[in-house]
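Asker: Residue numbers (full-length UniProt numbering): 1 to 232.
Every residue gets a Cβ at the ideal spot worked out from N, C-alpha and C, and that includes glycine.
Since this is a predicted model, take the numbers as computed values, not measurements.
Provided herewith is a single structure, encoded as structure tokens, for subsequent inquiry.
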DNA sequence: GCGACAG
DNA sequence: ATCTTGTCGC
């Protein structure tokens with residue numbers, strides 16, 4: 001069987017693989033009771049030479065208003081071997097993310113990933129790809145749009161506008177443009193694996209703290225970019 | 001041919 | 001993604 005993250009694939013083969021894998025992604029809710037939520041993100045060091053994957057595991061539910069307890073953290077660094085190509089991001093980031101996950105002692109029931117879920121040209125963004133490989137429910141939380149069209153979401157936290165794109169059978173909703181914080185540019189939420197859009201949006205909103213990004217992704221972002229110690 | 005383009 | 005200081009605003 002072809003590995004889900006074979007980085008020795010040509011762009012054409014990678015695209016064909018994504019089309020096949022997209023058929024395995026589950027778009028309906030199927031998640032175990034949540035007690036641990038993971039945040040995943042990838043950063044780079046030394047001008048991109050080194051890929052740095054970070055996973056942060058938070059306890060659910062939070063102790064207070066957006067006050068999550070960090071249960072565990074894991075970082076994995078390795079030489080970067082793939083360039084960034086729009087639409088093929090998972091081949092560049094998933095291998096390192098998997099290595100970071102292997103370092104965890106706790107197994108989360110849900111993971112929020114920095115990037116798109118099914119809001120992808122072939123409906124297999126990095127969040128979906130990772131969820132499929134880890135056999136875990138995942139949600140994609142991106143800061144920018146990759147594909148699809150949308151209107152402007154309302155001004156209040158939690159307001160969202162559907163992200164739609166044309167598919168084989170016509171127009172389909174692939175994600176939500178969510179206002180995670182008043183007066184701030186919205187984030188792009190899309191199901192990764194094993195949950196529907198409404199459930200994905202609900203979890204992201206439930207994980208919001210005071211900032212634009214939900215806590216799992218925000219903390220993983222800081223760890224991946226070593227912003228947690230880079231302060232001086 | 002001309003844009004658009006997750007991280 | 002990353003390179004980077006101060007600055008405006010709640």
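How is the beta strand (DSSP E) around residue 41 delimited, first residue to last?
Answerer: 36–45
Asker: Enumerate in chain order the residues of its own chain whose CB-to-CB distance from residue 129 is below 6 Å, with the five nearest sequence positions on each side excluded.
Answerer: 90, 94
Asker: For residue 171, does the count of other Cβ atoms within 10 angstroms reach 16, so buried, or fall short, so exposed?
Answerer: Taking all protein chains shown into account, residue 171 has fewer than 16 neighbouring C-beta atoms within 10 Å of its C-beta and is therefore exposed.
Asker: Do residue 111 and residue 188 come within 9 Å of each other at the CB atom, strictly closer than that value?
Answerer: no
Asker: Hey, quick one: how far does the alpha helix (DSSP H) through residue 91 stretch, first residue to last?
Answerer: For residue 91, the enclosing alpha helix (DSSP H) covers residues 89–102.
Asker: Run through DSSP, which three-state label would residue 221 get?
Answerer: helix
Asker: Helix, strand or coil, according to DSSP, for residue 2 in the structure here?
Answerer: In this prediction, residue 2 has a pLDDT of 49, which is less than 50 and means its spatial position is unreliable; what the coordinates show is noted afterwards. It is coil, neither helix nor strand.
Asker: If we ignore side chains and look at the alpha-carbon of each, how far apart do residue 137 and residue 92 end up?
Answerer: Cα to Cα, the separation comes out at about 21 Å.
Asker: In three-state terms, what does DSSP make of residue 231?
Answerer: Note that residue 231 scores a pLDDT of 49, beneath 50, so its modelled location is shaky; the value from the coordinates is reported in the next line. DSSP places residue 231 in coil when its eight states are reduced to three.
Asker: Between the Cα of residue 148 and the Cα atoms of 156, 226, 164, which residue gives the shortest distance?
Answerer: 164
Asker: Whose CA, out of 133, 108, 173, lies closest to the CA of residue 216?
Answerer: 108
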